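Sequence lines, in order, name chains W and F.
Heads up: the first sequence at position 267 corresponds to 267 in this note's numbering, and the numbers run straight through without jumps.
Heads up: the second sequence at position 103 corresponds to 392 in this note's numbering, and the numbers run straight through without jumps.
Beta carbons: idealized from backbone N, C-alpha and C, even for Gly.
Note that the structure is a prediction, hence the values are computed from the model and not measured.
Take a look at the structure below.
2 protein chains.
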Amino acid sequence: MKTYREQYEEYLGFFREALKNECAEMNFRPPVLAESMKYSLLSGGKRVRPVLFFASLEHFGMNYRGETAFPVALECIHTYSLIHDDLPAMDNDDFRRGNPSNHKVFGEAGAILAGDGLLSYASGILLKEAGRSRRHLRAAQFLMEAAGAAGMVAGQSADLIYSGKDAGEEELRFIYEHKTGRLIEAPVRMATILAGGDEEAASAFGRELGLLFQMTDDILDEKGESGKLGKTAGKDRMEGKLTCVKVFGLDGAELLADRTAAKCLSALDAMGGDPFLKELVKSVRERDN
Amino acid sequence: MKTYREQYEEYLGFFREALKNECAEMNFRPPVLAESMKYSLLSGGKRVRPVLFFASLEHFGMNYRGETAFPVALECIHTYSLIHDDLPAMDNDDFRRGNPSNHKVFGEAGAILAGDGLLSYASGILLKEAGRSRRHLRAAQFLMEAAGAAGMVAGQSADLIYSGKDAGEEELRFIYEHKTGRLIEAPVRMATILAGGDEEAASAFGRELGLLFQMTDDILDEKGESGKLGKTAGKDRMEGKLTCVKVFGLDGAELLADRTAAKCLSALDAMGGDPFLKELVKSVRERDN
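The following block contains the structure:
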């Protein structure tokens with residue numbers, strides 16, 4: 001029996017290999033465009049979305065090694081959103097995953113295009129997958145809906161609008177659900193679509209996990225260290241970002257995160273339970289980076 | 290028998306209606322996100338890509354009124370590329386189609402997200418269309434390939450890189466073929482895929498038309514008036530952009546455009562000829578905006 005860590009590393013190793021193979025295909029001209037896309041795509045990170053996808057497939061007894069395209073597309077989308085989010089006009093962050101942000105290396109124009117290129121690339125993958133089966137088509141559609149103007153992009157927009165404003169719980173929930181929630185829900189839901197499982201149960205779990213993920217992110221921004229985070233800590237407060245720490249205070253936020261973790265575990269039980277996913281929820285709650 | 294103008298207006302009227310209906314569906318929150326997307330999408334323009342799509346369908350004897358989704362997706366992609374291109378970090382243009390650029394109205398962050406939203410929205414449309422038939426799937430794939438990091442985005446990247454540099458004919462051709470050419474080729478090719486026609490012949494025609502389109506654009510930037518163009522004239526020279534005017538001089542560029550128009554008409558003949566498309570080629574060569 002593998003430990004949680006061993007299993008996570010197995011998924012991670014498999015995903016890294018798949019991503020490396022995909023990147024080997026990205027021989028676009030001009031070379032700097034491909035470089036800028038790969039720079040952010042290969043810069044590490046926890047790869048929690050691909051891991052969630054693989055673990056959810058295995059939860060349904062499917063062989064996760066047959067489905068490499070979706071998690072690659074998902075990570076391309078996640079990465080494009082980080083590149084655009086770090087731009088000076090947006091969150092203006094000079095560091096990401098411990099490295100200079102894309103625009104610090106390739107310039108603002110280069111970073112805008114790297115993001116555009118990655119989103120387009122992901123769409124190309126999704127269209128290819130859509131041709132495999134009706135389930136693949138539906139999973140692809142779910143991801144693009146979750147990533148788009150009714151999903152993640154809407155969350156980014158709300159995040160900007162409510163910064164420095166007197167907004168409350170309702171607006172905070174909207175940001176959490178869209179900015180982070182939809183792309184955490186997506187891999188769980190997509191795997192469930194492919195497996196023919198209970199999609200509503202999967203989404204309920206994925207959405208709670210998304211909320212938990214962003215809460216702990218905001219808590220870490222407040223109390224974490226930049227070195228460990230790989231990005232600048234304390235920025236949210238400086239910029240008056242609408243976070244659970246701002247709305248409920250640090251203690252209130254910690255309490256809320258505990259409650260959300262508990263709800264997330266109940267939702268997982270309703271999905272049929274899963275030892276790996278259970279540990280994953282706990283580790284999200286307890287993470288320090 | 291309709292005149293060229295009447296036929297163009299018919300396509301245009303039909304497309305405007307389709308676009309209006311699509312925009313009525315865009316009720317994203319926060320409202321400003323939907324507003325910013327629609328602001329640029331509905332701000333007019335010649336809609337040459339949708340018209341090319343409809344005309345190409347009719348060329349093959351198909352009812353163009355049954356295919357509204359692809360031209361809407363195409364125009365979403367074209368519009369996102371203009372919004373990002375106008376950003377201060379890119380071409381830094383304050384006007385577009387006679388109106389303030391997206392970022393002048395919604396701010397830079399808003400414009401980045403409006404572009405991201407439109408590209409995602411287009412991808413959603415393409416995935417839906419992909420489910421209709423194998424031909425629709427292939428047409429959707431062609432468009433995303435043409436728009437992405439091996440297509441239009443690559444052209445934008447090259448356009449930036451070669452600005453102010455000592456680059457020549459080869460680099461110019463790369464920019465033309467990718468920045469503009471691929472999204473002019475796309476509607477002709479997509480219609481041909483749907484109709485089961487000769488795809489290579491369609492692409493040969495579309496590519497020449499794309500070259501012609503960008504050449505006349507560059508010539509107009511050199512000698513046109515800002516009022517008529519709806520954007521700032523003379524910017525290319527100011528910024529040392531790599532254009533046919535820079536490489537061949539104004540007279541040389543005019544000559545090249547004439548030669549390209551002639552090649553375009555030959556390619557159209559090889560496609561079986563088409564009175565409407567023939568007039569369209571001529572009007573692109575002779576346009577003053």
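Item, Value
"Can you find at least 3 beta carbon pairs, one from the stretch 405-415 of chain F and one from the stretch 316-334 of chain F, that sit closer than 8 angstroms?", "yes"
"R496 (chain F) by DSSP, collapsed to three states: which one?", "helix"
"Nearest-angstrom Cα distance between R96 (chain W) and Y162 (chain W)?", "23 angstroms"
"Under a CB-based cut-off of 8 angstroms, is I161 (chain W) close to chain F?", "yes"
"Looking only at its own chain, which residues have a Cβ that is under 6 angstroms from the Cβ of D94 (chain W), when we skip the five neighbours before and after it?", "S101 and K104"
"Taking C-beta pairs closer than 9 angstroms, name the residues in chain F that M90 (chain W) reaches, listed in chain order.", "E397, A398, I401 and L402"
"Can you find at least 3 beta carbon pairs, one from the stretch 269-279 of chain W and one from the stretch 239-246 of chain W, that sit closer than 8 angstroms?", "no"
"With a threshold of 8 angstroms between beta carbons, is S409 (chain F) in contact with chain W?", "yes"
"Name the residue from F:G399, F:A493 and F:A439 whose alpha carbon lies nearest to the alpha carbon of G124 (chain W).", "F:A439"
"Could you give the C-beta distance for S362 (chain F) and L415 (chain F), rounded to a whole number, given that I count them as a contact under 8 angstroms?", "Before going on, a small fix: residue 362 (chain F) reads as Ala here, not Ser. A362 (chain F) to L415 (chain F), Cβ: 6 angstroms. Contact."
"D507 (chain F) and D487 (chain F) - do their beta-carbons sit closer together than 8 angstroms?", "no"
"Measuring alpha carbon to alpha carbon, tell me which of F:A480, F:P476, F:L308 and F:Y465 ends up nearest N352 (chain F).", "F:A480"
"Step through the CB atoms of chain W and report whether any lies within less than 8 angstroms of the CB of F317 (chain F).", "yes"
"Please give the ranges of any alpha helix (DSSP H) in the stretch 295-364 of chain F, keeping only runs that are unbroken, at least 4 residues long and fully inside the region.", "320-330 and 337-348"
"From L229 (chain W) to E299 (chain F), what does the alpha carbon distance come to, in whole angstroms?", "57 angstroms"
"What's the C-alpha gap between M441 (chain F) and G355 (chain F)?", "27 angstroms"
"Report the three-state DSSP secondary structure of N289 (chain W) (helix, strand or coil).", "coil"
"Are the C-beta of A447 (chain F) and some C-beta of chain W separated by less than 8 angstroms?", "yes"
"Taking three-plus beta-carbon pairs below 8 angstroms as touching, is the stretch 323-343 of chain F in contact with the stretch 163-174 of chain W?", "no"
"Which class does N381 (chain F) belong to by DSSP, given the choice of helix, strand or coil?", "coil"
"Just how far apart, CA to CA, sit R135 (chain W) and R173 (chain W)?", "30 angstroms"
"Report all residues from its chain with a CB closer than 7 angstroms to the CB of Y293 (chain F); omit the five preceding and five following residues, and keep chain order.", "F565 and E568"
"Below 7 angstroms between beta carbons is the criterion; list the residues of the stretch 356-386 of chain F that meet it against any residue of chain W, in chain order.", "H373, L376, A378 and M379"
"Please return the same chain residues whose Cβ sits closer than 8 angstroms to the Cβ of T232 (chain W), not counting the five positions on each side in sequence.", "D93, D94, F95 and S226"
"Would you please verify whether the beta carbon of M527 (chain F) is less than 8 angstroms from any beta carbon of chain W?", "no"
"List the residues of chain F that M144 (chain W) touches, going by C-beta distances under 7 angstroms, in chain order.", "S409, S412, G413 and L416"
"Whole alpha helix (DSSP H) runs in the stretch 510-572 of chain F with 4 or more residues, listed along the chain?", "515-518, 524-527 and 533-559"
"By a C-beta neighbour count over all protein chains shown, 10 Å radius and 16 as the cutoff for buried, is G444 (chain F) buried or exposed?", "buried"
"Can the beta-carbon of Q214 (chain W) be found closer than 8 angstroms to that of K179 (chain W)?", "yes"
"For a contact meaning CB atoms closer than 7 angstroms, what does M215 (chain W) contact in chain F?", "None at all; the shortest Cβ gap to chain F is about 21 angstroms."
"By Cβ distance below 8 angstroms, which residues in the same chain neighbour M144 (chain W) in space, the five residues on each side in sequence not counted?", "S123 and L126"
"Going along chain F, which residues have a C-beta under 7 angstroms from M37 (chain W)?", "A438"
"Compute the distance between the beta-carbons of Y410 (chain F) and G148 (chain W), then report whether it is under 8 angstroms.", "yes"
"Just to confirm before moving on: does the CB-CB distance between L113 (chain W) and S332 (chain F) stay below 8 angstroms?", "no"
"From this set, F:G387, F:G396, F:N388 and F:E364, which residue's C-alpha is nearest L376 (chain F)'s C-alpha?", "F:G396"
"With contact counted as at least three CB pairs below 8 angstroms, one residue from each stretch, are the stretch 180-189 of chain W and the stretch 198-211 of chain W in contact?", "yes"
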